[in-house]
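Notes follow once the structure below has been shown.
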Amino acid sequence: MTIMATTPGEKGSGRNWTFLTNHGHVLLAIARNPTARLRDVADEVGVTERAAQAIVADLEAGGYLRRTRVGRRNEYTVNPNGHFRHPAEADQQVGALLALFTAEPLAEPATGS
Numbered sequence: 001m002t003i004m005a006t007t008p009g010e011k012g013s014g015r016n017w018t019f020l021t022n023h024g025h026v027l028l029a030i031a032r033n034p035t036a037r038l039r040d041v042a043d044e045v046g047v048t049e050r051a052a053q054a055i056v057a058d059l060e061a062g063g064y065l066r067r068t069r070v071g072r073r074n075e076y077t078v079n080p081n082g083h084f085r086h087p088a089e090a091d092q093q094v095g096a097l098l099a100l101f102t103a104e105p106l107a108e109p110a111t112g113s
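Heads up: the sequence shown is residues 1 to 113, going by the UniProt record's numbering.
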């Protein structure tokens, strides 16, 4: 499981936080390994498998990724053309963020159906 960085809070107490949400971390993990099992994604992100499943469902519903069944496994296709949800960044595509954290540039998804 991933260990989060700690930032000193008031009176020396530690608070855990990161710049990216769990949704961002799951999307990055899948972009790096589109055939990863959700159990492995959950371990990498530091969430439960059930939380990873809910996040993937959110990302699918939002059009950020597509799940395809291949035999007994799932394969994911990330849509780098999706826009950030927060109004401050809504004019930016998530592909730019993914490119910062993935080794290879993401291919444009095929248009059509």
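The C-beta atom is built at its ideal place from N, Cα and C for all residues, glycine as well. None of these values were measured; they are calculated from a predicted model.
{"query": "What's the gap between the Cα of GLY82 and the Cα of ASN33?", "result": "19 Å"}
{"query": "Going by C-alpha to C-alpha distance, which of GLY46, ARG37, ALA42 sits closest to ARG67?", "result": "ARG37"}
{"query": "According to DSSP, is THR21 part of a helix, a strand, or is it coil?", "result": "coil"}
{"query": "ARG72 by DSSP, collapsed to three states: which one?", "result": "coil"}
{"query": "Tell me which residue opens and which closes the alpha helix (DSSP H) that ARG39 is part of.", "result": "38-45"}
{"query": "If you run the structure through DSSP and keep just helix, strand and coil, what is GLY53?", "result": "One point to set straight first is that residue 53 is Gln, not Gly, in the sequence displayed. GLN53: helix per DSSP, three-state reduction."}
{"query": "Can you tell which of ALA29, GLU89, ASP43 has the C-alpha that lies nearest to the C-alpha of PHE101?", "result": "ALA29"}
{"query": "Going by DSSP, what residues sit across from GLN93 in a beta bridge?", "result": "HIS83"}
{"query": "Should ASN16 be labelled buried (16 or more other beta-carbon atoms within 10 Å of its own) or exposed?", "result": "exposed"}
{"query": "When the Cα of ASN74 is compared with those of GLY63, VAL41, GLY95, HIS86, which residue comes out closest?", "result": "VAL41"}
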